[in-house]
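Peer 1: Residue numbering for the sequence shown follows my numbering, starting at 132 and increasing by one per position.
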Amino acid sequence: MTRVLVVDDEPQIVRALRINLTARGYEVLTAHNGTTALKVAADGKPDVVVLDLGLPDLDGNEVIAGLRGWTTVPILVLSARTDSTDKVAALDAGADDYVTKPFGMDELLARLRAAIRRSTTTSTTGEDAVITTTSFTIDLTTKKVHKNGQEVHLTPTEWGLLEILARNPGKLVGQKHLLQEVWGPAYAKETHYLRVYLAQLRRKLEPEPSNPKHLLTEPGMGYRFEL
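(1) Would you mind sorting D139 into buried or exposed? The rule is 16 or more other CB atoms within 10 Å of its CB.
(2) Can you look up G353 in the DSSP assignment and give me helix, strand or coil?
(3) Take Y328 and list the residues in its own chain whose beta-carbon comes closer than 7 angstroms to its own, dropping the five residues that flank it on each side.
(4) Please classify P177 as buried or exposed, where buried requires at least 16 other C-beta atoms within 10 Å of its C-beta.
(5) Along the chain, where does the alpha helix (DSSP H) containing G175 start, and where does it finish?
(6) Would you kindly work out how many angstroms separate the C-alpha atoms of L182 and V145, rounded to a whole number?
(7) What do you get for I195, buried or exposed, if any count of 16 or more other CB atoms within 10 angstroms of its CB means buried?
(8) Flag this pair as yes or no: are the beta carbons of A221 and V208 separated by less than 8 angstroms?
(9) I'd like the ranges of any alpha helix (DSSP H) spanning at least 4 consecutive residues and lying wholly in the segment 169-248.
(10) Measure how close the beta-carbons of V304 and L296 come, nearest whole angstrom, since I'm counting them as under 8 angstroms.
(11) Just checking my contact of V180 with Y157 at CB under 8 angstroms: how many whole Å lie between their CB atoms?
(12) Measure the alpha-carbon distance for G257 versus H323 and round it to whole angstroms.
(13) Return the CA-CA distance between E294 and S250, expressed in angstroms with no decimal places.
(14) For a quick check, are the C-beta atoms of A260 and T268 less than 8 angstroms apart?
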């Protein structure tokens, strides 16, 4: 059973999500503030987190940072903040998706399913299971990346992007294709998602993030992965 942690200080939203998620077979954990959310996440080990940014004790981005210190669990932000800078800040902090309030339950559930799907293990076999570049290695079977002998922790969304690019070395992968594969068909025009996440991947993997040699941008077209 998939375990979902819902973090929101609005009781009616928590109740609505608990009812709808439970009816669809999810196990639901809840928290009404950031401090409790971090404790429940550590104790309950959820498979996905639905997080409000406007919490009474901690800003939601602080909760994201706290979670990202030890887990790559998918984080779906649910917030009344509609400004693009707030969205980018949450994504940059480590969130995997962003839904604005008021929201449609069907859309939220679809986004939740997509986040969970991206985080599930993708099995692969054969010698191509491990991809080695001059700077890091990618194990497609275990979904792990190592750089300088140390494991690099990636969020599920970061991994989703890297995996698609790594499976197509030297090939141009279009923006639309990446968005649809990682986020879903409704995100085909959300190119700012790609800019945010590719920047994060470069900071984690490239020897010189400002002068990348593995994760290359083809302006206006897409991205290319080079060994």
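Virtual Cβ for every residue (Gly too), placed ideally from N, Cα, C.
These figures come from a predicted structure and were not determined experimentally.
Peer 2: Let's see:
(1) Working through the sequence shown from its first residue, we reach residue 139 at position 8. Counting Cβ neighbours within 10 Å, D139 comes out buried, since at least 16 surround it.
(2) If you number the sequence shown from 1, residue 353 lands on position 222. In the structure shown, G353 sits in a strand (DSSP, three-state: E or B).
(3) As a position in the sequence shown, residue 328 is number 197, starting the count at 1. The answer, listed in chain order, is T288, E289, L292.
(4) For the purposes of this step, residue 177 is taken as residue 46 along the sequence shown, with counting starting at 1. Answer is buried; the Cβ neighbour count reaches 16.
(5) As a working mapping, residue 175 is identified with position 44 in the sequence shown. 165-175 is the extent of the alpha helix (DSSP H) around G175.
(6) Taking the first residue of the sequence shown as position 1, residue 182 is located at position 51. Taking the first residue of the sequence shown as position 1, residue 145 is located at position 14. Their Cα atoms are separated by approximately 11 angstroms.
(7) As a first step, residue 195 is located in the sequence shown; it is residue number 64 there, counting from the start. Buried, by the Cβ-count rule.
(8) Residue mapping note: residue 221 aligns to position 90 of the sequence shown, counting from 1. Residue mapping note: residue 208 aligns to position 77 of the sequence shown, counting from 1. Against a cut-off of 8 angstroms, the Cβ pair of V208 and A221 comes out as a contact.
(9) 191-199, 215-224
(10) The residue labelled residue 304 in the question sits at position 173 within the sequence shown. The residue labelled residue 296 in the question sits at position 165 within the sequence shown. Contact flag correct, Cβ pair sits at about 6 angstroms.
(11) Within the sequence shown, residue 180 is the residue found at index 49, counting from 1. Within the sequence shown, residue 157 is the residue found at index 26, counting from 1. In fact, because the Cβ distance is near 12 angstroms, the residues do not count as touching under 8 angstroms.
(12) For this step, residue 257 is matched to residue 126 along the sequence shown. For this step, residue 323 is matched to residue 192 along the sequence shown. Interpretation of G257 is limited by its pLDDT of 41, a score under 50 that renders its predicted location unreliable; no figure is taken from the coordinates.
(13) Residue 294 sits at position 163 when you count from the first residue of the sequence shown. Residue 250 sits at position 119 when you count from the first residue of the sequence shown. About 12 angstroms.
(14) Here the question's residue 260 lines up with position 129 in the sequence shown. Here the question's residue 268 lines up with position 137 in the sequence shown. No, the Cβ-Cβ distance between A260 and T268 is not below 8 angstroms.
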